[in-house]
Amino acid sequence: MPLYEFYCDDCRGVFELIRPVREAGRAQPCPDCDADSRPLMPTEFQAFIARDGVPRRLPDRGRYWHYDQEVSTPITTAAVPGEHPEVRRKKVRPDQPPTVEEFEAFEDRLQHRLEEEAESVASGHPPIRDAYQEHQARQFLDRAAKTAPQAKRQKRRAPNAKTTAHTRSRQRGGESTQAPDAGD
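For the sequence shown, our numbering assigns the number 736 to the initial residue and increments by one for each residue that follows.
Here is the structure:
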């Protein structure tokens, strides 16, 4: 049976009762003054569904969790203790250099954090340090530094003409579509 909260107007008290669902909306007597108390809307709500015999949080995307990482299948084969095979494959493969989108997202997060710190200092409060955010930033910068030579090699292999088609002139039937120089 679920646990419900009730508020007594007479003694201004909040109390909890375990009630059947059919009695959820009914007033209940206060344990202190015996007056009718109205039910409160729940302040915390965690919905669960059972799948494969395990309670799952809603929304359930049909995936599984291994510690703090989402994986597509449960462990069904022999694996290194404490590691999911899917997570291990991601870990074992070499790091890829960060993409332009990842750099932009990192810069946006950094800018947002700096603005929040400036606001808190301006309001006279000490800046809030989020250790997890700092850890993620450190990991990203380490990855960028570690893969910098690889990123340079990729840029050399893929010249600018291949990555941005608008920077080169295109030929159509022998005519160049490039704009004429100003000196012509």
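Idealized CB from N, CA, C, for every residue including glycine.
Just so it is clear, the structure is predicted and the values come from calculations on it, not from any experiment.
- Of all C-beta pairs linking the stretch 747-755 to the stretch 765-776, three or more are shorter than 8 Å, placing the two stretches in contact.
- For Ala872, the closest of Arg798, Glu839, Glu805 and Gly817 by C-alpha to C-alpha distance is Glu839.
- Val822 is positioned such that its CB atom lies closer than 8 Å to that of Gln804.
- In this structure, the straight-line span from the alpha carbon of Arg844 to that of Glu850 is close to 10 Å.
- Remark: three or more beta-carbon pairs, one from each stretch, lie closer than 8 Å, so the stretch 825-839 and the stretch 871-886 are flagged as touching.
- Partner residues in the beta bridge of Asp771, as assigned by DSSP, are Pro764.
- A Cβ-Cβ distance of about 6 Å is found for the pair Met736 and Pro755, placing them in contact under the 8 Å criterion.
- The closest CA to that of Arg761, considering only Asp767, Cys768 and Tyr739, is found on Tyr739.
- By the CB criterion at 8 Å, Pro862 and Glu869 fall outside the cutoff.
- If you look at Val749, you'll find it in the beta strand (DSSP E) that goes Gly748 to Ile753.
- Here Cys743 is buried: its Cβ has 16 or more other Cβ atoms, across all protein chains shown, within 10 Å.
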